[in-house]
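Residue numbers (our numbering): 1414 to 1747.
Idealized CB from N, CA, C, for every residue including glycine.
Predicted model only: the values in this text are computed from it and were never measured.
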């Protein structure tokens, strides 16, 4: 099976981190968001990958070709310029999957946990969903008789369902999907100023194509800072259960789960829980928890919590030497 992975977005909700790199390459739990997605697909036998690139697409191309150069993974790249939505991205990539019997679509900022084998083996088209408390912020699936989808709506003003589309799809009729994509493009069917995949999928439903939903075990929309840190904590905990990690650094306390990259120099610090540190970082006299730290960063005399620190960043905190007598008050907070 071939997988189409749109990764052309700017990632404005993750700024300033996406000023210098695409959001799909922002790290979480020790590796880029995109690697979590691609490795999940490869582990389940999907090795034909199409990346729809746009914003800083050259970085994604170099990253993927370098990372999988010695593997059996087959990759193609399609440029989306201008960027006019996920429906537009798939329309531009249609030639890469027009002869396929079935395909997967996985959005490049979404990490999900589900039984992918059962997901792909369904004879129907299948859309991953999760119940949410704010359905108006997502694409929503409404179910009809026998559990089949009867309606799909992108960010409805008055939601009639709380089943949010989480960004993973198995399409059993790619030819009909292409027909739907061509329909929305030729008729300028836009929602919120963009060509939406939900409108092309709704075209398929109206043509009688059967689609089901499958609830995912967990879902992280990594285009948001809060969910990125949540994903980091949960994935680190999962990694710790699968591969217990033991790190030792001079005069340092490690509170798992953590992920620490290669060639890091850490001294006189408390690291964890839920901390991911990239390669070649330097940390000294610091306390760090619930934080992602990029590679080649330097942190000294600092306390960090619920933070995201980019690559090649230097942060120096307050360090004082004091000789204080009786009956003295010192306030460093003002």
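Query, Result
"Cut-off 7 Å between Cβ atoms - residues of its own chain near residue 1669, not counting five sequence neighbours on either side", "1653, 1658, 1685 and 1686"
"Length at least 4, wholly inside the stretch 1427–1484: the alpha helix (DSSP H) runs in chain order", "1446–1456 and 1470–1480"
"Whole-number beta carbon distance between residue 1575 and residue 1548, since they are thought to touch under 8 Å", "5 Å"
"Straight-line gap, residue 1528 to residue 1713 (C-alpha atoms, nearest Å)", "43 Å"
"Residue 1510 beta carbon less than 9 Å from that of residue 1415", "yes"
"Which listed residue (1487, 1475, 1507 and 1520) has its alpha carbon closest to that of residue 1446", "1520"
"Pairwise C-alpha distance: residue 1646 and residue 1591", "38 Å"
"Beta-carbon separation (whole angstroms), residue 1466 vs residue 1421, contact threshold 8 Å", "6 Å"
"C-beta atoms of residue 1636 and residue 1433 nearer than 9 Å", "no"
"Residue 1534 (DSSP reduced to helix, strand or coil)", "helix"
"For residue 1651, the first and last residue of its enclosing alpha helix (DSSP H)", "1638–1655"
"Simplified DSSP state of residue 1662, which is helix, strand or coil", "coil"
"Other residues of its chain near residue 1526: CB distance less than 6 Å, five sequence neighbours each side excluded", "1630 and 1631"
"Beta-carbon separation (whole angstroms), residue 1499 vs residue 1605, contact threshold 8 Å", "Wrong, their Cβ atoms sit about 11 Å apart, outside the cutoff."
"Separation of residue 1544 from residue 1553, as counted between CA atoms", "10 Å"
"Where residue 1616 sits in the DSSP three-state scheme", "helix"
"Through-space distance from residue 1589 to residue 1665, alpha-carbon basis", "58 Å"
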